[in-house]
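In our numbering, the protein residues as written are -9 to 217.
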């Protein structure tokens, strides 16, 4: 198979990394006019919505096959069906089927289950385990439903992780307790998501149980963990 491609946003490093078997062209029209199989790998934007329509289909080779596993709205369904019925398109393959496409001859409608392949499920399991380990060992939060994404590398003797409510002056109160114990803050990150917030605070000294207790006693603090 001779592979050609078009990407208006292709960076120079990615272009250099392409195999020599792939030829870049300068417009979508070249793709339409030269390809037996056309695959779509684009986001849905104002520019790409309906990019597959009766006008662009007319530019394609007779009997072309379109594979659309990106977004259903990239194609005008009525125009695709008309092209399938006339034979202009020999197949339209998508995992974004709608009621009009399902049952249409030569429309191959697949479930949208790319994330449910064995490889994807294995990778997701490994990713989830790594993220849990990172939270337990370093206090970093990624992909939480209720809490913001907060993470930073370990740089000091101790780390405090504070779950707290997203209310005014909370950070000031926590830092006041730390500074009152003459402990220097080496680095910190605090972010909020809805009614909750999360603070990671790296300290140059290990805080005493008394210091941690005073932070826990602040109204609005949910949990304090020393790592």
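For each residue, glycine too, the CB sits at the ideal point set by N, CA and C.
Note that the coordinates shown come from a computational prediction; the quantities given were computed from them, not determined experimentally.
Contact between residue 143 and residue 171 does not hold, since the beta-carbon distance rounds to 24 Å and is not under 8 Å. Here residue 11 has -7 as same chain residues with Cβ atoms under 7 Å from its own Cβ, once five neighbours each way along the sequence are excluded. Between residue 156 and residue 187, the gap from beta carbon to beta carbon is short of 7 Å. One Cα belongs to residue 191, the other to residue 175, and the distance between them is close to 7 Å. With a threshold of 16 other beta carbon atoms within 10 Å, residue 133 falls short and is exposed. In the structure shown, residue 183 adopts extended strand secondary structure according to DSSP, grouped into three states. As far as DSSP is concerned, residue 114 takes part in no beta bridge.
Residue 62 and residue 116 have their C-alpha atoms some 30 Å from each other.
Across the structure, residue 57 and residue 7 are spaced so that their CA atoms are roughly 24 Å apart. Bridge pairing for residue 29: 57 [DSSP].
Selection 65, 97, 110, 0 evaluated against residue 34 yields 65 as nearest (Cα-Cα).
By the C-beta density criterion, residue 54 is buried, having at least 16 other C-beta atoms within 10 angstroms. Residue 104 and residue 26 have their C-alpha atoms roughly 24 Å apart. Boundaries cannot be given for residue 137, as no alpha helix (DSSP H) includes it and DSSP labels it neither H nor E. As computed with DSSP, residue 13 is found in a beta bridge with -6. Non-local beta-carbon contacts of residue 49 in its own chain, meaning distances under 8 Å to residues more than five positions away in sequence, involve 19, 22, 23 in chain order.
Taking C-beta atoms under 8 Å as the contact rule, residue 189 and residue 161 qualify, at a distance of about 7 Å.
The shortest C-alpha to C-alpha distance from residue 13 to any of 28, 2, -5, 52 is the one to -5. Within its own chain, the residues whose Cβ lies closer than 6 Å to the Cβ of residue 208, once the five positions on either side in sequence are excluded, are 163, listed in chain order.
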